[in-house]
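One structure is given here, and the rest of the page talks about it.
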Amino acid sequence: MKAKPENVLTGSHYLDGNHASAEGAIAAGCRFFGGYPITPSTEIAERISQRFPRIGGIFVQMEDELASMAAILGASNGGVKSMSCTSGPGFSLMMENFGLGIMMETPCVLVNVQRGGPSTGLPTLPGQADMMQARWGSHGDYEVIALAPDSPQESFELTIHAFNLSEKYRMPVLIMTDECVGHMTEKVVIPSADEIDLVERKYTDKKPGEAWPYEWNGKSIPPMLPVGKGYKFHITGLTHDEKGYPVINAEAQEKNVRQLIDKVKKNADDIIWLEEWDTDGADIIVMSYGISSRVARPAIAKARADGIKIGQIRMITVWPFPEKRIRELAGKVKAMVMVELNHGQVYLEMDRCAAGQCVTAVVGHSGGTVHKPDDIYKVIKDVVK
Amino acid sequence: MSTSVEPAVKKEHPMEKILRMDRIPHIWCPTCGLGTVVTALATALDESEIDLNKVAIVSGIGCTGRVAGYMKLDSFHTTHGRAIPFAFGMHVARPDLKTIVFSGDGDLVSIGGNHLIHTARRNADLMVICVNNFIYAMTGGQVAPTTPITAKSSTSPFGNFEHPFNLPLLAASSGAVYVARWTALHIRRLTKAFKEALNKRGFSFVEVIAPCSTLYARRNKLGTGLDLMKFYHDNCVIKHGCDLKEVDIDYQSKIIVGKFVDIEKPTYIDCLNKGYKQVFGDKYKPYGGGDGNNGN
Amino acid sequence: MATTEIRITGFGGQGVILCGYVIGKAASIYNNQHATMTQSFGPEARGSACSAQVITSDERVLYPYVTAADILIAMSNDGYTMHKDSMDEKGILVYEKDLVTPKKLGKDMKAYGVPATRIAEELGRKIVLNIVMLGFMGAVTDVVPMEALRKAVQSSVPEGTEELNLKAFDRGCEYGLDLKGKGATKTQEKAAL
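If you want it as structure tokens, here you go:
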């Protein structure tokens with residue numbers, strides 16, 4: 001399905017990442033936004049609040065982030081594409097109901113504009129230190145999808161992509177951007193509506209009384225049931241069976257949790273989106289995501305000018321982690337370097353997948369600004385030695 | 386369909402239309418008040434002739450939180466304290482449905498207290514049923530923000546010495562347009578209150594005092610659930626429209642019940658539509674729910 | 682110029698951020714370049730120092746922050762003092778003449794001053810001083826073509842204020858062209874101090 005022309009602000013705009021993300025949501029057909037103000041994510045909410053009343057959407061400034069996450073799940077189960085945005089402390093508060101969204105298999109999009117932490121940390125400055133919280137922040141065992149844009153243009157595009165993935169895989173999808181990209185203003189080209197492909201929600205084609213909310217078959221993603229149409233279905237955050245009814249035993253848990261994990265793991269090739277440069281025949285590969293992948297490039301160019309055979313991988317999808325590709329490359333290269341605005345979070349995954357096949361290193365950073373390309377260059381040179 | 390002689394005894398449960406018979410028996414203890422409250426809601430739904438396809442029910446966590454699972458409606462069993470914001474999202478997405486929140490005192494006024502007051506403040510068109518058994522029952526009888534002073538619980542073994550919430554006063558002062566309190570004993574009046582709340586536009590709040598025999602009654606040596614029902618019988622005073630400052634509940638003393646508030650006030654969506662209409666004029670298309678894309 | 686790093690500084694309320702936005706928009710939307718704007722988001726209240734950064738380039742901007750400003754637009758003395766040392770050795774200082782007192786400049790630097798606040802006041806709205814600065818900058822530097830800047834002003838200011846803002850822009854521009862025409866350089870400027 002294509003985007004609706006009335007939802008798409010076709011043209012060239014000079015926008016920051018947060019505004020671009022809001023436009024992406026609108027283009028994707030989002031019509032419910034529940035959020036709570038928090039720096040540096042607030043511009044998303046502000047733009048949505050400005051745009052929604054005239055296009056039949058509802059923006060609600062909720063009482064807190066707990067309510068925001070719960071409300072978007074309620075609205076999404078009501079059949080409306082829903083979204084929230086937050087940052088650091090708010091992300092922590094949302095984790096409880098993020099897990100409910102995972103368990104209930106409810107599509108929605110949550111943007112975390114990462115700032116420096118822990119705690120209140122650096123509200124106005126960038127970080128990428130919530131990456132493991134994104135992966136494991138809610139309790140229990142599950143898989144997530146997290147995307148990391150590196151520019152306002154990509155903030156627009158990935159927000160649409162996040163809605164598409166959330167509908168396709170019937171789960172909340174995270175956009176793990178950061179203050180730098182969120183507050184960075186650049187040209188954003190919004191294409192015409194017919195150039196934007198949308199994944200619409202798949203509802204059951206069975207009649208009421210014949211359909212259940214979780215018809216897991218190990219292959220396809222079960223269609224959802226619409227409210228208000230007589231299906232009278234039940235869904236719960238408790239471990240449940242195909243009917244959505246609570247079942248409190250190990251067998252039901254195995255089946256339920258397996259579904260949550262397998263739908264991402266088995267479709268990892270479809271979900272994972274990488275950008276690679278010069279990885280074939282490289283001795284060193286620099287991996288990174290979001291803003292860090294951008295500032296790594298001058299350093300890589302400088303190392304290449306020194307005669308180093310160096311390639312780059314930019315993870316557009318950070319979770320699920322590109323395990324297969326990293327294992328494959330680790331056997332061919334001498335070293336892999338992760339650049340991220342933390343002291344080694346996604347690095348741990350890279351190191352695990354490299355499994356001793358090559359040297360690994362992280363160019364860590366406590367956040368508050370982005371890496372200086374020279375600092376990355378120095379680590380590359382060290383690793384070469 | 387054949388039209389043979391009808392059996393003398395119908396196999397059908399009288400509430401089969403509204404209860405999920407495949408989920409019965411329920412998990413509640415014998416003499417728990419919840420069954421009665423659920424029956425009252427089922428009766429109210431049945432008698433109000435509301436289209437059951439257009440009713441959604443949302444619960445949080447706790448003994449009362451299990452209600453959603455037993456109602457044959459679109460039903461959502463959410464996280465602890467978050468039933469109201471989940472229901473709020475559902476309501477805003479689908480204002481054509483009647484969305485009911487059915488949960489307990491710990492869920493709605495302790496962990497979920499902030500959501501209760503803010504959703505009442507907005508006067509969202511939700512019906513909230515709060516079953517108050519003075520205790521956290523599902524987790525084994527801990528003290529609650531509703532536990533009367535001196536009542537014992539597993540975490541107030543020497544008695545509770547904190548002031549409890551006065552729920553009708555809380556709901557009314559937060560902005561609810563319909564506020565009533567009954568007990569699990571007052572089945573007919575409770576059913577009537579539910580019918581009124583179902584038909585009310587705006588945030589309605591019905592507190593239902595219900596016996597927890599296993600934990601609250603036993604810990605406080607108050608007898609069985611039946612003894613608590615007798616206590617309600619002897620100690621409830623009906624005072625419709627009374628000053629809500631008077632309806633505090635002290636340990637084992639008078640319980641004032643009745644319909645306290647029943648006023649008209651524009652709902653959350655009414656206010657949005659009115660406000661935007663004033664700003665945007667006739668260009669503004671009133672919000673009626675759905676996704677604005679496919680009229681879902 | 683392949684890549685130009687610009688820092689705009691002043692105090693909150695002077696329109697520092699809009700100034701950066703207009704330059705970036707002029708370069709990227711109206712001149713087909715790449716332009717990345719960032720801004721300092723501190724706990725600054727109205728009246729305290731704030732700054733915006735724009736990097737324009739013929740190629741994609743990778744590192745988003747200014748490392749050595751090719752152009753420093755200073756609308757307050759505090760902002761100037763804070764950022765003067767991070768200028769490129771061939772940098773150009775564009776400053777509000779009545780509010781900023783430039784110190785000794787490096788030998789390859791240039792400085793151009795404009796009484797932007799006074800000009801804005803003459804136009805009846807002190808608030809357009811940032812647009813006067815923009816017109817002035819457009820005249821004394823070659824970072825973005827004047828026409829692109831003018832278009833960006835027109836499409837960025839609040840509806841109904843276009844005329845006033847364009848007038849402010851043109852006045853700033855005229856002042857700059859005049860100054861350049863007189864061959865004013867660092868030396869003359871210094872003599873004027």
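Protein chains in written order, with the numbering used here: chain A, 1 to 385; chain B, 386 to 681; chain C, 682 to 874.
Ideal Cβ placement from N, Cα and C applies to all residues, glycine included.
| task | For the alpha helix (DSSP H) holding E242 (chain A), just list the boundary residues, first then last. | result | Element bounds for E242 (chain A): n/a, residue is neither H nor E.
| task | Run through the region 44 to 96 of chain A for me and flag every whole beta strand (DSSP E) of 3 or more residues, listed as ranges in chain order. | result | 58 to 61 and 82 to 86
| field | Cross-chain neighbours of G230 (chain A) in chain B, by beta carbon under 7 Å | value | N438
| field | Contacts of A716 (chain C) in chain A (Cβ-Cβ under 9 Å) | value | Y14, T185, E186 and K187
| Between A211 (chain A) and F233 (chain A), is the Cβ-Cβ spacing less than 9 Å? | yes
| query | What residues in its chain sit with their C-beta under 8 Å from that of W413 (chain B), if we drop five residues either side in the sequence? | reply | L419, G420, C448 and R451
| Interface partners of V337 (chain A) on chain C, CB under 8 Å | Ordered by position in chain C, no residue passes the 8 Å Cβ test against V337 (chain A), which lies about 17 Å from the chain.
| Bridge partner(s) assigned by DSSP for C414 (chain B) | BP columns for C414 (chain B) are empty, so no partner.
| task | Report all residues from its chain with a CB closer than 7 Å to the CB of D481 (chain B); omit the five preceding and five following residues, and keep chain order. | result | K439 and G674
| Comparing the C-beta of A472 (chain B) with each C-beta of chain F, is any distance below 9 Å? | Considering every chain present, this structure includes no chain F. Its protein chains are A, B and C.
| Which chain A residues sit within Cβ distance under 7 Å of Q720 (chain C)? | H183
| Inter-residue Cα distance where the pair is C854 (chain C) and F817 (chain C) | 4 Å
| task | For my contact list, K662 (chain B) and G587 (chain B) are in at a C-beta cut-off of 8 Å; report their separation, rounded to the angstrom. | result | In fact, because the Cβ distance is near 19 Å, the residues do not count as touching under 8 Å.
| query | What whole-angstrom Cβ distance do Q720 (chain C) and T737 (chain C) have, given they're in contact under 8 Å? | reply | So it is not a contact: roughly 16 Å between Cβ atoms.
| request: Tell me whether the beta-carbon of A25 (chain A) lies closer than 9 Å to the beta-carbon of F163 (chain A). | output: yes
| said: Taking the straight line between their C-alpha atoms, what separation do you get for K206 (chain A) and P415 (chain B)? | reply: 38 Å
| Using the rule of at least 16 other Cβ atoms within 10 Å of the residue's Cβ for burial, across every protein chain shown, is F32 (chain A) buried or exposed? | buried
| said: Can you find the residues in the same chain that come closer than 6 Å, C-beta to C-beta, to E870 (chain C), ignoring five residues on each side of it along the sequence? | reply: The predicted position of E870 (chain C) is uncertain, since its pLDDT is 47 and thus under 50; a value taken from the coordinates is nonetheless stated next. Excluding residues within five positions, the ones whose Cβ falls inside 6 Å are A792.
| request: Note down, in chain order, all residues in the region 82 to 107 of chain A with a beta-carbon under 9 Å from any beta-carbon belonging to chain C. | output: none
| said: Among the candidates A:G230, A:Y231, A:V257 and A:I285, whose CA atom is the shortest distance from the CA of D412 (chain A)? | reply: Residue 412 (chain A) falls outside the range modelled here, since chain A spans only 1 to 385, and no answer is possible.
| Per-residue DSSP class, three states only, for K2 (chain A) | strand
| request: Name, going along the chain, the residues of the region 685 to 711 of chain C whose beta-carbon falls closer than 7 Å to a beta-carbon of chain A. | output: Y702, G705, K706, S709 and I710
| message | Using 8 Å for Cβ pairs, my map puts A755 (chain C) next to V781 (chain C). What's the rounded Cβ distance? | response | 5 Å
| task | Report the neighbours of K457 (chain B) on chain A: residues whose CB is nearer than 7 Å to its CB, in chain order. | result | K232
| field | Burial state of S76 (chain A) (16 or more Cβ within 10 Å) | value | buried
| query | Taking Cβ-Cβ distances shorter than 9 Å, what residues in chain A pair up with V477 (chain B)? | reply | F32, G34, I58, V60, A71, G74, A75, G78 and V80
| request: Could you pull out every residue in the same chain whose Cβ sits closer than 8 Å to the Cβ of S151 (chain A), ignoring the five residues on either side in sequence? | output: G17, V181, M184, E186 and R294
| request: Check whether the Cβ of K309 (chain A) lies closer than 9 Å to any Cβ atom in chain C. | output: no
| request: Flag P298 (chain A) as yes if its beta-carbon sits less than 9 Å from any beta-carbon of chain C, otherwise no. | output: yes
| N545 (chain B) versus L607 (chain B): straight-line alpha-carbon distance, rounded | 16 Å
| query | Residues in its own chain within less than 7 Å of H571 (chain B) by CB, not counting five upstream and five downstream? | reply | V642
| Beta-carbon gap between I469 (chain B) and L426 (chain B) smaller than 9 Å | no
| request: Between the Cα of G88 (chain A) and those of A:M103, A:L73, A:L110 and A:G79, spot the shortest distance and give me the residue it belongs to. | output: A:L110
| alpha helix (DSSP H) containing S897 (chain C): first to last residue? | Missing from the structure shown is residue 897 (chain C); chain C here goes from 682 to 874 and no further.
| message | Beta-carbon within less than 7 Å of N758 (chain C)'s beta-carbon, same chain only, minus the 5 sequence neighbours each way: which residues are those? | response | L780, V781 and T782
| message | Distance check for D278 (chain A) and V384 (chain A), CA to CA, integer angstroms please. | response | 17 Å
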